[in-house]
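Residue numbers (this note's numbering): 309 to 630. Where a beta carbon is used, it is the ideal one built from N, C-alpha and C, also for glycine. Please read all numbers here as calculations on a predicted model, not as lab measurements. What follows is a single structure, written as C-alpha coordinates, with notes after it.
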(Lines of atoms letter the chains of each structure in order from A and count residues from 1; the text may use other names and numbers.)
(Lines give C-alpha, C1' and ligand atoms only; values in the text may rest on other atoms or scores of the structure.)
Protein backbone atom coordinates (compact mmCIF):
# COMPACT_ATOMS: atom_id res chain seq x y z
CA UNK A 1 0.00 0.00 0.00
CA UNK A 2 2.84 2.39 0.84
CA UNK A 3 4.48 1.80 -2.55
CA UNK A 4 1.13 2.38 -4.30
CA UNK A 5 0.54 5.65 -2.44
CA UNK A 6 4.09 6.81 -3.03
CA UNK A 7 3.92 6.09 -6.74
CA UNK A 8 0.59 7.90 -7.16
CA UNK A 9 1.74 10.91 -5.15
CA UNK A 10 4.97 11.21 -7.14
CA UNK A 11 3.07 10.90 -10.42
CA UNK A 12 0.62 13.63 -9.45
CA UNK A 13 3.32 15.87 -7.99
CA UNK A 14 5.44 15.64 -11.14
CA UNK A 15 2.38 16.38 -13.27
CA UNK A 16 1.52 19.43 -11.18
CA UNK A 17 5.06 20.80 -11.26
CA UNK A 18 5.28 20.24 -15.01
CA UNK A 19 1.93 21.87 -15.85
CA UNK A 20 2.26 24.82 -13.46
CA UNK A 21 4.81 27.58 -13.31
CA UNK A 22 7.84 26.99 -11.08
CA UNK A 23 7.21 27.55 -7.39
CA UNK A 24 7.96 31.20 -6.71
CA UNK A 25 9.73 32.58 -3.65
CA UNK A 26 6.37 34.01 -2.51
CA UNK A 27 4.78 30.57 -2.76
CA UNK A 28 7.68 29.02 -0.84
CA UNK A 29 7.13 31.58 1.91
CA UNK A 30 3.44 30.68 1.92
CA UNK A 31 4.19 26.96 2.21
CA UNK A 32 6.42 27.62 5.23
CA UNK A 33 3.59 29.60 6.83
CA UNK A 34 1.13 26.81 5.99
CA UNK A 35 3.38 24.29 7.76
CA UNK A 36 3.30 26.38 10.95
CA UNK A 37 -0.47 26.82 10.70
CA UNK A 38 -1.02 23.08 10.24
CA UNK A 39 1.16 22.27 13.24
CA UNK A 40 -0.72 24.76 15.41
CA UNK A 41 -4.35 24.38 14.32
CA UNK A 42 -4.62 20.96 12.64
CA UNK A 43 -2.20 18.73 14.57
CA UNK A 44 -3.82 15.45 13.52
CA UNK A 45 -3.61 16.35 9.85
CA UNK A 46 -0.02 17.55 10.24
CA UNK A 47 1.05 14.33 11.96
CA UNK A 48 -0.56 12.28 9.19
CA UNK A 49 1.27 14.26 6.50
CA UNK A 50 4.55 13.99 8.39
CA UNK A 51 4.08 10.26 8.92
CA UNK A 52 3.21 9.76 5.25
CA UNK A 53 6.34 11.64 4.17
CA UNK A 54 8.46 9.33 6.32
CA UNK A 55 6.71 6.16 5.19
CA UNK A 56 6.90 6.75 1.45
CA UNK A 57 10.11 8.82 1.50
CA UNK A 58 8.71 12.00 -0.02
CA UNK A 59 9.73 15.39 1.30
CA UNK A 60 7.16 16.96 3.61
CA UNK A 61 7.44 20.14 1.52
CA UNK A 62 6.08 18.25 -1.49
CA UNK A 63 3.05 17.06 0.47
CA UNK A 64 2.49 20.60 1.76
CA UNK A 65 2.55 21.83 -1.84
CA UNK A 66 -0.19 19.36 -2.79
CA UNK A 67 -2.16 20.14 0.38
CA UNK A 68 -2.10 23.86 -0.46
CA UNK A 69 -2.76 23.43 -4.18
CA UNK A 70 -6.32 24.72 -3.87
CA UNK A 71 -5.18 27.96 -2.25
CA UNK A 72 -2.45 28.39 -4.88
CA UNK A 73 -5.09 27.73 -7.56
CA UNK A 74 -7.34 30.45 -6.15
CA UNK A 75 -4.45 32.88 -5.78
CA UNK A 76 -3.51 32.38 -9.44
CA UNK A 77 -7.17 32.91 -10.46
CA UNK A 78 -7.31 29.73 -12.54
CA UNK A 79 -11.09 29.84 -12.46
CA UNK A 80 -13.11 26.71 -13.11
CA UNK A 81 -16.34 25.25 -11.78
CA UNK A 82 -16.17 23.41 -8.49
CA UNK A 83 -18.78 20.92 -7.33
CA UNK A 84 -22.50 20.66 -6.57
CA UNK A 85 -23.78 19.19 -3.30
CA UNK A 86 -26.91 18.47 -1.29
CA UNK A 87 -28.20 17.30 2.07
CA UNK A 88 -31.60 15.88 2.90
CA UNK A 89 -32.46 15.12 6.50
CA UNK A 90 -35.15 14.70 9.14
CA UNK A 91 -34.81 14.46 12.91
CA UNK A 92 -35.66 10.86 13.64
CA UNK A 93 -33.99 7.67 14.76
CA UNK A 94 -35.31 5.81 11.74
CA UNK A 95 -33.05 4.38 9.07
CA UNK A 96 -31.93 6.77 6.30
CA UNK A 97 -32.61 9.90 8.34
CA UNK A 98 -29.74 11.59 6.53
CA UNK A 99 -28.47 11.34 2.96
CA UNK A 100 -25.81 13.64 1.56
CA UNK A 101 -23.93 13.79 -1.69
CA UNK A 102 -21.97 15.84 -4.14
CA UNK A 103 -19.88 15.86 -7.28
CA UNK A 104 -16.22 16.81 -7.42
CA UNK A 105 -15.80 19.06 -10.46
CA UNK A 106 -12.28 20.07 -11.45
CA UNK A 107 -10.13 20.35 -14.54
CA UNK A 108 -9.48 16.77 -15.71
CA UNK A 109 -6.22 17.93 -17.31
CA UNK A 110 -4.87 19.17 -13.99
CA UNK A 111 -5.74 15.99 -12.09
CA UNK A 112 -4.82 13.30 -14.63
CA UNK A 113 -8.49 12.76 -15.37
CA UNK A 114 -9.06 11.66 -11.78
CA UNK A 115 -7.33 8.37 -12.60
CA UNK A 116 -5.41 8.38 -9.30
CA UNK A 117 -8.29 9.53 -7.09
CA UNK A 118 -9.21 7.15 -4.28
CA UNK A 119 -11.09 6.64 -1.01
CA UNK A 120 -8.91 6.35 2.07
CA UNK A 121 -10.19 4.20 4.96
CA UNK A 122 -8.51 5.47 8.13
CA UNK A 123 -8.77 4.24 11.73
CA UNK A 124 -7.25 6.36 14.50
CA UNK A 125 -5.83 5.18 17.82
CA UNK A 126 -9.23 5.72 19.50
CA UNK A 127 -11.03 3.53 16.98
CA UNK A 128 -12.71 6.33 15.00
CA UNK A 129 -12.99 5.19 11.40
CA UNK A 130 -13.10 7.65 8.51
CA UNK A 131 -13.76 7.36 4.78
CA UNK A 132 -12.12 10.16 2.79
CA UNK A 133 -12.31 10.92 -0.93
CA UNK A 134 -9.23 12.76 -2.15
CA UNK A 135 -6.35 13.05 -4.60
CA UNK A 136 -2.99 11.38 -3.76
CA UNK A 137 -1.04 13.31 -1.14
CA UNK A 138 -3.91 15.65 -0.25
CA UNK A 139 -5.43 15.36 3.25
CA UNK A 140 -9.17 15.34 2.41
CA UNK A 141 -11.85 16.56 0.03
CA UNK A 142 -15.09 15.05 1.35
CA UNK A 143 -15.68 12.36 3.92
CA UNK A 144 -17.61 10.58 6.65
CA UNK A 145 -16.60 9.09 9.98
CA UNK A 146 -17.99 6.26 12.11
CA UNK A 147 -19.71 8.75 14.43
CA UNK A 148 -22.03 9.50 11.51
CA UNK A 149 -20.48 12.90 10.72
CA UNK A 150 -20.35 13.81 7.02
CA UNK A 151 -18.57 16.81 5.48
CA UNK A 152 -19.00 18.17 1.94
CA UNK A 153 -17.22 21.10 0.29
CA UNK A 154 -18.07 23.50 -2.54
CA UNK A 155 -16.13 26.42 -4.00
CA UNK A 156 -17.38 29.96 -3.40
CA UNK A 157 -15.37 33.17 -3.64
CA UNK A 158 -15.66 36.82 -2.68
CA UNK A 159 -11.98 37.52 -3.32
CA UNK A 160 -10.93 37.55 0.34
CA UNK A 161 -7.64 35.84 1.28
CA UNK A 162 -5.73 35.03 4.48
CA UNK A 163 -3.02 32.78 3.08
CA UNK A 164 -0.21 33.53 5.52
CA UNK A 165 -2.28 33.00 8.66
CA UNK A 166 -5.12 30.70 7.58
CA UNK A 167 -5.50 26.94 7.42
CA UNK A 168 -5.49 25.34 3.94
CA UNK A 169 -8.90 23.97 3.01
CA UNK A 170 -8.02 20.28 2.70
CA UNK A 171 -6.31 20.29 6.10
CA UNK A 172 -9.32 21.99 7.70
CA UNK A 173 -11.62 19.31 6.28
CA UNK A 174 -9.40 16.47 7.47
CA UNK A 175 -9.20 17.90 11.00
CA UNK A 176 -12.96 18.53 11.14
CA UNK A 177 -13.55 14.84 10.41
CA UNK A 178 -11.69 13.89 13.60
CA UNK A 179 -14.63 15.19 15.66
CA UNK A 180 -17.44 12.90 16.76
CA UNK A 181 -20.19 15.50 17.09
CA UNK A 182 -21.47 18.05 14.59
CA UNK A 183 -21.43 20.75 17.26
CA UNK A 184 -17.71 20.33 17.91
CA UNK A 185 -16.82 20.23 14.21
CA UNK A 186 -18.73 23.48 13.69
CA UNK A 187 -16.98 25.12 16.63
CA UNK A 188 -13.61 24.07 15.19
CA UNK A 189 -14.35 25.50 11.72
CA UNK A 190 -15.63 28.75 13.19
CA UNK A 191 -12.77 29.24 15.66
CA UNK A 192 -9.72 28.59 13.48
CA UNK A 193 -8.23 31.05 10.96
CA UNK A 194 -9.40 30.19 7.43
CA UNK A 195 -7.22 30.82 4.37
CA UNK A 196 -9.89 31.29 1.68
CA UNK A 197 -13.70 31.39 1.23
CA UNK A 198 -15.56 28.09 1.04
CA UNK A 199 -18.96 26.51 1.44
CA UNK A 200 -19.25 23.45 3.65
CA UNK A 201 -22.24 21.20 4.26
CA UNK A 202 -22.05 19.13 7.43
CA UNK A 203 -24.52 16.57 8.69
CA UNK A 204 -24.77 13.89 11.34
CA UNK A 205 -27.23 11.07 11.81
CA UNK A 206 -29.83 11.87 14.43
CA UNK A 207 -28.61 15.46 14.76
CA UNK A 208 -29.33 17.25 11.49
CA UNK A 209 -27.29 19.38 9.15
CA UNK A 210 -25.70 22.79 8.71
CA UNK A 211 -24.60 24.76 5.67
CA UNK A 212 -21.66 27.11 6.19
CA UNK A 213 -20.74 29.97 3.87
CA UNK A 214 -17.48 31.33 5.21
CA UNK A 215 -14.52 33.52 4.35
CA UNK A 216 -11.45 34.41 6.41
CA UNK A 217 -13.56 36.99 8.30
CA UNK A 218 -17.17 35.79 7.93
CA UNK A 219 -18.77 32.59 9.25
CA UNK A 220 -22.44 32.20 8.37
CA UNK A 221 -24.34 29.01 9.17
CA UNK A 222 -27.81 27.86 8.22
CA UNK A 223 -29.25 24.95 10.16
CA UNK A 224 -31.04 22.20 8.26
CA UNK A 225 -33.20 20.29 10.74
CA UNK A 226 -35.38 18.63 8.13
CA UNK A 227 -35.91 18.82 4.40
CA UNK A 228 -33.28 19.37 1.73
CA UNK A 229 -30.69 21.99 0.90
CA UNK A 230 -28.52 22.22 -2.21
CA UNK A 231 -25.43 24.30 -2.99
CA UNK A 232 -23.39 24.88 -6.13
CA UNK A 233 -20.80 27.68 -6.39
CA UNK A 234 -22.57 30.98 -5.89
CA UNK A 235 -23.31 32.45 -2.47
CA UNK A 236 -26.86 31.74 -1.29
CA UNK A 237 -27.43 32.55 2.36
CA UNK A 238 -25.38 35.62 3.34
CA UNK A 239 -26.63 38.92 1.92
CA UNK A 240 -23.39 40.87 2.34
CA UNK A 241 -21.38 38.14 0.64
CA UNK A 242 -23.84 37.98 -2.26
CA UNK A 243 -22.83 41.52 -3.25
CA UNK A 244 -19.17 40.41 -3.38
CA UNK A 245 -19.79 37.09 -5.12
CA UNK A 246 -17.38 36.45 -7.99
CA UNK A 247 -19.41 33.56 -9.44
CA UNK A 248 -22.48 35.74 -9.95
CA UNK A 249 -20.53 38.14 -12.18
CA UNK A 250 -18.62 35.51 -14.18
CA UNK A 251 -20.43 34.97 -17.47
CA UNK A 252 -18.85 31.54 -17.99
CA UNK A 253 -20.18 30.19 -14.68
CA UNK A 254 -22.65 27.30 -14.80
CA UNK A 255 -23.28 27.46 -11.05
CA UNK A 256 -26.82 28.82 -11.20
CA UNK A 257 -27.76 26.32 -13.92
CA UNK A 258 -26.51 23.44 -11.77
CA UNK A 259 -28.19 24.92 -8.68
CA UNK A 260 -31.57 25.01 -10.39
CA UNK A 261 -31.06 21.50 -11.76
CA UNK A 262 -30.15 19.84 -8.46
CA UNK A 263 -32.94 21.65 -6.59
CA UNK A 264 -35.41 20.23 -9.11
CA UNK A 265 -34.00 16.72 -8.68
CA UNK A 266 -33.61 16.45 -4.89
CA UNK A 267 -36.90 15.79 -3.05
CA UNK A 268 -37.89 18.14 -0.24
CA UNK A 269 -38.29 15.30 2.26
CA UNK A 270 -35.74 12.68 3.27
CA UNK A 271 -38.32 9.89 3.12
CA UNK A 272 -38.65 10.45 -0.63
CA UNK A 273 -34.92 10.08 -1.33
CA UNK A 274 -33.12 6.74 -1.40
CA UNK A 275 -29.44 6.14 -2.03
CA UNK A 276 -30.30 4.88 -5.52
CA UNK A 277 -32.26 8.05 -6.31
CA UNK A 278 -29.41 10.15 -4.95
CA UNK A 279 -27.01 8.41 -7.32
CA UNK A 280 -29.24 9.31 -10.26
CA UNK A 281 -29.40 12.93 -9.10
CA UNK A 282 -25.62 13.24 -9.10
CA UNK A 283 -25.12 11.51 -12.45
CA UNK A 284 -27.73 13.57 -14.31
CA UNK A 285 -26.61 16.45 -16.55
CA UNK A 286 -25.86 19.30 -15.88
CA UNK A 287 -25.00 18.23 -12.31
CA UNK A 288 -22.65 15.59 -13.75
CA UNK A 289 -20.73 16.94 -16.72
CA UNK A 290 -17.36 16.85 -18.46
CA UNK A 291 -15.48 18.32 -15.49
CA UNK A 292 -16.89 15.85 -12.95
CA UNK A 293 -14.12 13.62 -11.61
CA UNK A 294 -16.33 11.79 -9.10
CA UNK A 295 -19.83 11.69 -7.64
CA UNK A 296 -20.45 10.40 -4.13
CA UNK A 297 -23.40 9.64 -1.86
CA UNK A 298 -23.11 9.28 1.92
CA UNK A 299 -25.58 7.23 3.98
CA UNK A 300 -24.18 7.48 7.53
CA UNK A 301 -27.03 5.58 9.19
CA UNK A 302 -25.81 2.43 7.45
CA UNK A 303 -22.15 3.47 7.33
CA UNK A 304 -21.92 3.53 3.55
CA UNK A 305 -20.26 5.79 1.00
CA UNK A 306 -21.15 5.18 -2.64
CA UNK A 307 -18.75 6.64 -5.21
CA UNK A 308 -18.68 6.82 -9.00
CA UNK A 309 -15.40 7.85 -10.59
CA UNK A 310 -15.26 9.75 -13.87
CA UNK A 311 -14.51 6.78 -16.11
CA UNK A 312 -16.77 4.26 -14.37
CA UNK A 313 -18.78 2.42 -17.04
CA UNK A 314 -22.48 3.35 -17.04
CA UNK A 315 -22.00 5.48 -13.92
CA UNK A 316 -21.26 2.42 -11.78
CA UNK A 317 -20.93 3.23 -8.07
CA UNK A 318 -18.55 1.41 -5.76
CA UNK A 319 -19.61 0.90 -2.14
CA UNK A 320 -17.24 1.72 0.72
CA UNK A 321 -18.27 0.74 4.25
CA UNK A 322 -17.06 2.51 7.35
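Rounded to whole angstroms, what's the CA-CA distance from residue 515 to residue 490? Just pull it up for me. Here residue 515 is taken as the residue at index 207 of the chain shown, counted from 1. Here residue 490 is taken as the residue at index 182 of the chain shown, counted from 1. Each residue's Cα considered, the two are about 8 Å apart.
Within the same chain, show all residues whose beta-carbon is closer than 6 Å to that of residue 349, passing over the 5 residues directly before and after it, in chain order. Reading the chain shown from its first residue, position 41 is the one you call residue 349. Same-chain partners within the cutoff: 475, 500.
Using CA atoms only, rank isn't needed, just tell me which of 582, 549, 320 is closest to residue 375. Along the chain shown, read from residue 1 onward, the residue named residue 375 stands at position 67. Here the closest residue by C-alpha is 320.
Using DSSP's beta-bridge definition, name the partner residues of residue 348. Against the chain shown, residue 348 aligns to sequence position 40. For residue 348, which the question treats as bridged, DSSP gives no partner whatsoever.
As assigned by DSSP and simplified to three states, the class of residue 555: Start at 1 with the first residue of the chain shown, and residue 555 comes out as number 247. Three-state result, residue 555: helix.
Quickly, what does DSSP pair residue 536 with across the bridge? List them, please. Against the chain shown, residue 536 aligns to sequence position 228. Answer is 396, bridged to residue 536.
Contact belief for residue 583 with residue 623 at Cβ below 8 Å, rounded distance in angstroms: Here residue 583 refers to the residue found at position 275 of the chain shown. Here residue 623 refers to the residue found at position 315 of the chain shown. That pair is no contact at about 14 Å.
Buried or exposed for residue 513, going by 16 or more other Cβ atoms inside 10 Å? As a position in the chain shown, residue 513 is number 205, starting the count at 1. Looking at its Cβ environment, which holds 16 or more other Cβ atoms inside 10 Å, residue 513 is buried.
What's the C-alpha gap between residue 372 and residue 598? Locating residue 372 in the chain shown gives position 64, counting from the first residue. Locating residue 598 in the chain shown gives position 290, counting from the first residue. Roughly 29 Å separates the two Cα atoms.
N-terminal and C-terminal residue of the alpha helix (DSSP H) that residue 372 is part of: As a position in the chain shown, residue 372 is number 64, starting the count at 1. Note, residue 372: alpha helix (DSSP H), 368-375.
Tell whether a beta-carbon distance below 8 Å holds between residue 429 and residue 628. For the purposes of this step, residue 429 is taken as residue 121 along the chain shown, with counting starting at 1. For the purposes of this step, residue 628 is taken as residue 320 along the chain shown, with counting starting at 1. Result yes, Cβ atoms of residue 429 and residue 628 sit closer than 8 Å.
Can you round the beta-carbon distance between residue 555 and residue 492 to whole angstroms, since I take them to be within the 8 Å contact cut? As a first step, residue 555 is located in the chain shown; it is residue number 247 there, counting from the start. As a first step, residue 492 is located in the chain shown; it is residue number 184 there, counting from the start. The pair is not a contact, with the Cβ atoms about 30 Å apart (cut-off 8 Å).
Within 10 angstroms of the Cβ of residue 316, are there 16 or more other Cβ atoms? Answer buried if so, exposed if not. By 1-based counting over the chain shown, the position of residue 316 is 8. Under this definition residue 316 is a buried residue.
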